[in-house]
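Using my numbering, read the sequence shown as starting at 6 and increasing by one per residue.
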Amino acid sequence: VPVTVPASVQWDETAIPYPHLSAYGFFQLPLKSLHPQEGVMPYELITPLFTDYAHKARFVWMPPGQSASFADDGRILFPDQSILIKNFYYPADFRRPQENWDLVETRLLVKTQGQWQAYTYIWNENDTDAALSTVGDFRTAQWIDEQGRAQQVNYVVPNKNQCKSCHNIANNIEPIGPKYRNLNRSVQAGDGRNIPQLAHWVSAGYLSALPPENSQWATLANWQDNKASLEDRALAYLEINCGHCHNPQGPAHTTGLFLLADEPERQRLGFCKAPVAAGKGSGGRQFGIVPGNPNASILVYRMENSDPGIMMPELGRMMPHREGIELIRAWIAGLSGNCAKETQNQGL
Numbered sequence: 006v007p008v009t010v011p012a013s014v015q016w017d018e019t020a021i022p023y024p025h026l027s028a029y030g031f032f033q034l035p036l037k038s039l040h041p042q043e044g045v046m047p048y049e050l051i052t053p054l055f056t057d058y059a060h061k062a063r064f065v066w067m068p069p070g071q072s073a074s075f076a077d078d079g080r081i082l083f084p085d086q087s088i089l090i091k092n093f094y095y096p097a098d099f100r101r102p103q104e105n106w107d108l109v110e111t112r113l114l115v116k117t118q119g120q121w122q123a124y125t126y127i128w129n130e131n132d133t134d135a136a137l138s139t140v141g142d143f144r145t146a147q148w149i150d151e152q153g154r155a156q157q158v159n160y161v162v163p164n165k166n167q168c169k170s171c172h173n174i175a176n177n178i179e180p181i182g183p184k185y186r187n188l189n190r191s192v193q194a195g196d197g198r199n200i201p202q203l204a205h206w207v208s209a210g211y212l213s214a215l216p217p218e219n220s221q222w223a224t225l226a227n228w229q230d231n232k233a234s235l236e237d238r239a240l241a242y243l244e245i246n247c248g249h250c251h252n253p254q255g256p257a258h259t260t261g262l263f264l265l266a267d268e269p270e271r272q273r274l275g276f277c278k279a280p281v282a283a284g285k286g287s288g289g290r291q292f293g294i295v296p297g298n299p300n301a302s303i304l305v306y307r308m309e310n311s312d313p314g315i316m317m318p319e320l321g322r323m324m325p326h327r328e329g330i331e332l333i334r335a336w337i338a339g340l341s342g343n344c345a346k347e348t349q350n351q352g353l
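This is how it looks when you write it as structure tokens:
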């Protein structure tokens, strides 16, 4: 059946989620090109979440005449009927990422009546459209990496409950990436110029105003930027990949391990911190982070592992992230401290 798309984005609260991605009207034909319709705006994060090396193309749509604003803590408050669109794909050759890619899934966060809902669409074999799925799937993804090596992964498309698990803040679904701290960067405009992304959101009518000049909000480091400090890069990486669960309002709050870039207490970051619940997840190691010794750190052990009962993050990956692990290892190796003294001071 030939795929058709409406001439503009369609919002019908009684019909969403539509059975097929094409019904929303986000992209022009052919859908595989991900060429957005008017009002569907691409955006980029400073440090994105790792998902088995998948590339991602992110877009946002808001109803005409509506715009977002900033919360006091730098979160973006989106109006009702906003839709965040994240497409996951694998270029056949990562050395030429703009050529010959294979779409796997598209995830939507749709805001209705003040609440976000998560929907997943799985692309068909020819990448002509994507169908709604609540049960998830497994897809074999193959590519050539930047070093010319053949790679393959049994990619997991999450089910609806898994989507809720990762986006859970105080038992509500919330976006992870689109915050001031992770959007405050330059992007390339259509004419090739580099422009401030948030200023572009304002000019497009998608953001009511830039932050006040006296704002103390921090901007995350780019974890791949060697000009930034090793610690800033490491903490940015941990916040995006782990902090959505490991925060005071997240599903892992009972661990007391808060992996946020602005966490002021080193013990809450895992420094010389014993796990709340021991088991095979600790690998026989005593502390989350042992300064100067990544091999003795539970954090590294769990990042390197692929056993479902050990690995971290628990969801969103099947492969260890080699480059991310190298970053965290280098950071821990350069840390100074003595856990024997720290635990003695803590009365342990």
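Backbone N, C-alpha and C define an ideal beta-carbon position, used for all residues, glycine too. Since the model is a prediction, treat every value here as computed from it, not as a measurement.
Excluding sequence positions up to five before and after V45, its CB lies within less than 7 angstroms of the CB of V14, F31, F64 and W66, all in the same chain and listed in chain order. Between the beta-carbon of L212 and that of N189 there is about 12 angstroms, and that puts the pair past the 8 angstroms contact cut. Here the alpha carbon of C247 sits roughly 42 angstroms from the alpha carbon of V6.
Collapsing the DSSP output to three states places M46 in a strand. Of the residues assessed, N199 falls on the exposed side of the cut-off, its CB having fewer than 16 other CB atoms within 10 angstroms. A distance below 7 angstroms between beta-carbons, with the five flanking residues on each side excluded, links V281 to the following residues of its chain, in chain order: T259, T260 and G261. Beta-carbon to beta-carbon, A239 and I333 are separated by about 6 angstroms, close enough to satisfy the 8 angstroms threshold. Of the candidates T145, A194 and A12, the residue whose Cα lies closest to the Cα of A209 is A194. For K285, the number of other beta carbons within 10 angstroms of its own is below 16, and it is reported as exposed. In this structure F55 touches R322 by the C-beta definition: roughly 6 angstroms separates them, less than 8 angstroms. Counting along the chain, the unbroken beta strand (DSSP E) around H60 starts and ends at H60 to W66. One Cα belongs to I315, the other to P296, and the distance between them is close to 22 angstroms. A residue is called buried when at least 16 other Cβ atoms come within 10 angstroms of its Cβ; K232 does not meet this threshold and is exposed.
Look at the region 176-229 and you find these whole runs of alpha helix (DSSP H), each 4 residues long or longer: 185-188 and 202-208.
Within the DSSP secondary-structure output, K91 pairs in a beta bridge with R63 and R112.
Selection R273, W228, P84 and W336 evaluated against Q118 yields P84 as nearest (Cα-Cα). Across the structure, G153 and G197 are spaced so that their CA atoms are roughly 29 angstroms apart. The three-state reading of DSSP puts S74 in strand, counting E and B together.
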